[in-house]
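Residue numbers (my numbering): 163 to 519. Working notes, structure below.
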Amino acid sequence: MDRPSRTPGAYRLPGQTPPRGPDATPVREAQRPPRAIEDLSLVTIEADEAIEAEALEALEPEPALARRRGFSFGKLFVGALGALLSLGIGLAVDDLVRDLFARNEWLGWTALGLSLLLLAGALGVVARETVALMRLSAIEAERRDALAAYDTNDASAARRVVAKLVSFLSAKPETGLGRARMAELDEEVIDGADLVALAERELLTPLDLKARALVLASSKRVSVVTAVSPKALVDVVFVLFETVRLIRRMAELYGARPGALGLVRLTRDVLSHLAVTGTISIGDSLVQQVVGHGIASKLSARLGEGVVNGLLTARVGLAAMDLCRPIPFLRSRRPTIGDFLADLSAIARISDARRAR
Numbered sequence: 163m164d165r166p167s168r169t170p171g172a173y174r175l176p177g178q179t180p181p182r183g184p185d186a187t188p189v190r191e192a193q194r195p196p197r198a199i200e201d202l203s204l205v206t207i208e209a210d211e212a213i214e215a216e217a218l219e220a221l222e223p224e225p226a227l228a229r230r231r232g233f234s235f236g237k238l239f240v241g242a243l244g245a246l247l248s249l250g251i252g253l254a255v256d257d258l259v260r261d262l263f264a265r266n267e268w269l270g271w272t273a274l275g276l277s278l279l280l281l282a283g284a285l286g287v288v289a290r291e292t293v294a295l296m297r298l299s300a301i302e303a304e305r306r307d308a309l310a311a312y313d314t315n316d317a318s319a320a321r322r323v324v325a326k327l328v329s330f331l332s333a334k335p336e337t338g339l340g341r342a343r344m345a346e347l348d349e350e351v352i353d354g355a356d357l358v359a360l361a362e363r364e365l366l367t368p369l370d371l372k373a374r375a376l377v378l379a380s381s382k383r384v385s386v387v388t389a390v391s392p393k394a395l396v397d398v399v400f401v402l403f404e405t406v407r408l409i410r411r412m413a414e415l416y417g418a419r420p421g422a423l424g425l426v427r428l429t430r431d432v433l434s435h436l437a438v439t440g441t442i443s444i445g446d447s448l449v450q451q452v453v454g455h456g457i458a459s460k461l462s463a464r465l466g467e468g469v470v471n472g473l474l475t476a477r478v479g480l481a482a483m484d485l486c487r488p489i490p491f492l493r494s495r496r497p498t499i500g501d502f503l504a505d506l507s508a509i510a511r512i513s514d515a516r517r518a519r
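Structural data, given as structure tokens:
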């Protein structure tokens with residue numbers, strides 16, 4: 163039985179708009195006139211994470227390497243000048259003692275005794291500075307030997323490196339468990355690279371945690387002082403003081419114990435490394451990228467400047483960490499600038515909120 167054909171029909175459900183045909187003209191929504199926002203503080207500019215990541219990567223310092231020491235005319239000049247000054251001072255003291263003996267015998271003996279005390283003190287200072295410089299050189303040699311043993315997978319060289327490292331850190335109570343652990347596993351590890359990596363993990367991980375805390379604390383102090391100090395000269399003086407203090411404490415943490423000359427040499431290496439990598443000559447565009455997109459939009463200009471100075475102080479600390487660490491970062495994670503940005507910005511926000519009250 164054939165059914166009569168019919169044209170297809172459309173059914174409209176409740177709540178639906180009627181379908182438009184192919185020839186129907188599109189319905190244009192009514193446009194509203196443009197409006198201006200009177201209160202611009204209601205507009206929130208979201209941070210561009212890609213721009214911040216790129217800027218932080220540019221801020222990230224390369225691992226610092228100690229420079230090779232060799233002959234230089236500057237060292238020759240300083241050495242010859244020091245010898246001449248020593249001879250001149252010695253002749254002046256000799257003339258003074260002879261004149262005092264000629265005037266009165268007991269004055270001459272007093273001057274001679276004081277001269278001997280002066281000589282003993284000078285020899286003590288020279289010996290202390292020499293030992294400190296030798297210790298810095300030994301740490302640099304240890305770092306080179308550790309890297310060579312790790313790259314060549316030399317087991318005998320790795321054992322010598324670990325023995326020297328244990329000797330360096332024997333006075334550090336933080337490494338007590340690590341030294342005991344290394345004594346247990348020394349003969350069980352066959353590969354030289356694994357032995358060096360094990361020493362890095364067991365002996366240097368506790369010191370790395372304290373080093374990161376030192377860098378963070380110093381960066382916080384610089385950030386806060388920069389934000390609250392009324393004079394730019396105060397900022398400069400405090401940043402220089404905090405930088406030298408951070409380098410000294412970093413060297414002492416890793417067993418270097420630098421003297422005055424050793425601290426000058428270490429500070430010069432850190433600053434020269436940062437100058438080569440472009441940190442000191444950081445441009446306004448980079449500061450704008452790091453602070454302008456994510457932090458300064460929520461903070462005052464002064465607090466944003468404090469965050470930038472804190473980040474630069476953190477870079478100095480990371481460079482000092484690279485130069486003072488007896489073993490370079492091989493398998494352990496190296497701290498980065500991004501690790502300190504969140505802490506510094508949080509402090510700046512708290513300070514800004516307190517000032518707003």
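Idealized CB from N, CA, C, for every residue including glycine.
Within its chain, find whatever has a CB closer than 7 Å to the CB of residue i; leave out the 5 residues flanking it on each side and keep chain order.
| i | result |
| --- | --- |
| R383 | E404 |
| E364 | G340, R343, M344 |
| A320 | A311, G354, L357, V358 |
| R297 | A418, R419 |
| M412 | A373, L376, G479, A482, M483, C486 |
| E362 | I489, L492, R493, S494 |
| S380 | E404, L408, T475, G479 |
Applying the 10 Å Cβ sphere with the 16-neighbour rule, what's the burial state of residue i?
| i | result |
| --- | --- |
| N471 | buried |
| L473 | buried |
| T367 | exposed |
| L253 | exposed |
| E346 | exposed |
| I207 | Only weak support is given to the placement of I207: the predicted model assigns it a pLDDT of 44, under 50, and the question is left unresolved by the model. |
| T272 | exposed |
| D431 | buried |
| V240 | exposed |
| R427 | buried |
| R265 | exposed |
Kindly give me the distance between the Cβ atoms of residue i and residue j, rounded to whole angstroms, as I take these residues to be in contact under 8 Å.
| i | j | result |
| --- | --- | --- |
| L378 | F502 | 6 Å |
| K372 | L415 | 6 Å |
| G468 | A389 | 4 Å |
| V323 | A308 | 5 Å |
| S277 | V255 | 5 Å |
Is the CB-CB distance between residue i and residue j below 9 Å?
| i | j | result |
| --- | --- | --- |
| T475 | S385 | yes |
| V293 | L408 | no |
| E267 | P488 | no |
| V406 | V396 | no |
| G270 | V259 | yes |
| L295 | G421 | yes |
| G424 | E291 | yes |
| D316 | P497 | no |
| F330 | A289 | no |
If I measure Cβ to Cβ from residue i and keep anything under 6 Å in the same chain, skipping five residues before and after, which residues do I get?
| i | result |
| --- | --- |
| I352 | none |
What does a CB cutoff of less than 8 Å around residue i pick up in its chain, not counting 5 residues either side in sequence?
| i | result |
| --- | --- |
| L262 | L269, G270, T272, A273 |
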